[in-house]
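*Asks:* Just dropping this structure here.
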Amino acid sequence: MSLLTIHPEKAPQQAERFTDFAAISEQLQSIGVRFERWQANRELPVNADQATVIAAYRDSIERLMRACGFQSVDVISVTADHPDNAALRSKFLSEHVHADFEVRFFVDGQGLFYLHPNDKVYIVLCEKGDLISVPAHTRHWFDMGENPNIKAIRLFTTAEGWVAQFTDSHIAERFPGLGEYVAEYA
Ligand SMILES: [Fe+2]
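Residue numbers (the numbering used here): -9 to 176.
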C-alpha cells in the first residue's frame, strides 16, 4: 500500500498520514510532485530483463516522454543479495538536490522518498505500480532499506542533470529509515 506522511521538519515524530491514492496525489501536487499509478500492458515474469520491463509499460512511458521531453529510459534493479547494496543505499541517504527532475516508476519492490520543499518533510512510501517525480532543485533523499528490493524505471532528460549536490544537512538522520518507517506507519 502506498502511503504519505507529512512531518514538520523540526518535529519528525509528528505526522499527518494519507493512504488514499487521490489524497496522496493531491497533497503531492501542491508541492509540484507528480504521483501516478501505472498498469502494465502485460504480465511480467519475475526475472524480466530491461527490454521486457520497458515493453510492458511502453504506452505509459511514451506518454510521459512526450509530455516531459525525456530522452532516455533504463531499469535499475537492487535486491538484498546485491554485493554493493550497502554502498548503493548510502549514496542516496543524504539530503541533496539536482538541476534536473528525478522520475521513478516502481515496477516491483518498494522504496521511501523524503521530500523537503519547505519547512515540512513529505515521506512517500512507493510500491509496485507507483510513479513519482521529484521536481528540480527540491531537497530530497531516498532510502531503499537494509534489505533492498527495488525494480524501477528511470527516465532522463540529460546526463548532467543527475549530478547530486549535497546540502550538507543532517536532517535525514532525524527521520526513520525504510524499515522503521514501515513498522510505524504502514
Ligand atoms: Fe535524487
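Quick reminder that beta carbons are idealized off the backbone N, C-alpha and C, glycines included.
Quick one, which of 8, 136, 19 and 57 has its alpha-carbon nearest residue 146's?
*Replies:* For residue 146, the nearest C-alpha among the options comes from 57.
*Asks:* Given that a residue counts as buried once 16 or more other Cβ atoms are within 10 Å of its Cβ, and exposed if not, what is residue 28?
*Replies:* It is buried - the Cβ of residue 28 has at least 16 other Cβ atoms within 10 Å.
*Asks:* Give me the Cα-Cα distance between residue -5 and residue 137, rounded to the nearest whole angstrom.
*Replies:* Roughly 22 Å between the two C-alpha positions.
*Asks:* Inspect the CB distances between the segment 104 to 121 and the segment 59 to 71 and report whether three or more fall short of 8 Å.
*Replies:* Flag = no, the segment 104 to 121 and the segment 59 to 71 do not touch.
*Asks:* Return the bridge partner residues of residue 197 from the DSSP annotation.
*Replies:* Only positions -9 to 176 of the chain appear in this structure, which leaves residue 197 out of reach.
*Asks:* Below 7 Å between beta carbons: does that hold for residue 111 and residue 16?
*Replies:* No, they are not a contact pair.
*Asks:* With burial defined as no fewer than 16 other Cβ atoms inside 10 Å of the residue's Cβ, what is the status of residue 35: buried or exposed?
*Replies:* Residue 35 should be labelled exposed.
*Asks:* Since residue 110 is in the beta strand (DSSP E), which residue starts that stretch and which ends it?
*Replies:* It spans 110 to 117 - the beta strand (DSSP E) in which residue 110 sits, taken as one unbroken run.
*Asks:* Are there any heavy atoms of ligand 1 lying less than 6 Å away from the beta-carbon of residue 92, as far as the coordinates show?
*Replies:* Yes - ligand 1 has a heavy atom lying nearer than 6 Å to the Cβ of residue 92.
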